[in-house]
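Have a look at the structure below before the remarks.
Numbering (full-length UniProt numbering), first residue to last: 1 to 185.
Now the structure itself:
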């Protein structure tokens, strides 16, 4: 946990509203982008979920004892909140915020290509079971270690590693199948 987070959390526990604002500003975009991925790219639903996540954080801040990585603590709340939303709504797809997958680009052709690639990635990820999808997103879009993925998703390390491996295997197979269908072989 960064010293800055530690100080902010101590100040929040003492009731400092400015520290809370700083913490929300620091993590809002990361949490929001994760929520967008989990709910069809629906930004309104993602904004509502993000707000719920931060409300749950403030409700549970006293249970955080500075013993682990704060980001993992916050992300666990995010994963659980989105998972509960899925269970209630029976949502099965995710959609990526294109701003995360592609940098600003001056070339229209490149932007069109990137959008098409993003849609293909999105479709392939949507075909994965939720645990594999989460594991892939957390590992490759948030650069989390398997141990952290296990903690966040509430599974064992071996299960988290297997989810990453199986998800990648299915993504590769899907990529090869699409290439075959498009006449690249």
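Backbone N, C-alpha and C define an ideal beta-carbon position, used for all residues, glycine too.
Just so it is clear, the structure is predicted and the values come from calculations on it, not from any experiment.
DSSP-derived helix/strand/coil call for residue i
| i | result |
| --- | --- |
| residue 105 | Only weak support is given to the placement of residue 105: the predicted model assigns it a pLDDT of 44, under 50, and the value that follows is read from those uncertain coordinates. Three-state result, residue 105: coil. |
| residue 34 | helix |
| residue 14 | coil |
| residue 28 | helix |
| residue 67 | coil |
Backbone CA spacing between residue i and residue j [nearest angstrom]
| i | j | result |
| --- | --- | --- |
| residue 72 | residue 174 | 30 Å |
| residue 128 | residue 170 | 7 Å |
| residue 34 | residue 48 | 13 Å |
| residue 11 | residue 117 | 44 Å |
| residue 161 | residue 67 | 24 Å |
| residue 21 | residue 87 | 30 Å |
| residue 43 | residue 37 | 9 Å |
| residue 6 | residue 18 | 15 Å |
| residue 15 | residue 59 | 13 Å |
Test item: CB-CB of residue i and residue j under 8 Å
| i | j | result |
| --- | --- | --- |
| residue 75 | residue 152 | yes |
| residue 50 | residue 31 | yes |
Close Cβ partners of residue i (< 6 Å) along its chain, the five nearest in sequence each way excluded
| i | result |
| --- | --- |
| residue 23 | 8 |
| residue 138 | 144, 149 |
Own chain residues within Cβ distance below 7 Å of residue i, not counting five before or after
| i | result |
| --- | --- |
| residue 79 | 134, 152, 153 |
| residue 52 | 81 |
| residue 57 | 74, 77 |
| residue 147 | 157 |
Contacts around residue i, its chain only, beta-carbon distance under 8 Å, and the 5 residues preceding and following it disregarded
| i | result |
| --- | --- |
| residue 62 | 13 |
Query raised in the report: What residue ranges within the stretch 105-178 form continuous alpha helix (DSSP H) runs of no fewer than 4 residues, ordered along the chain?
Result: 108-126, 130-140, 146-153
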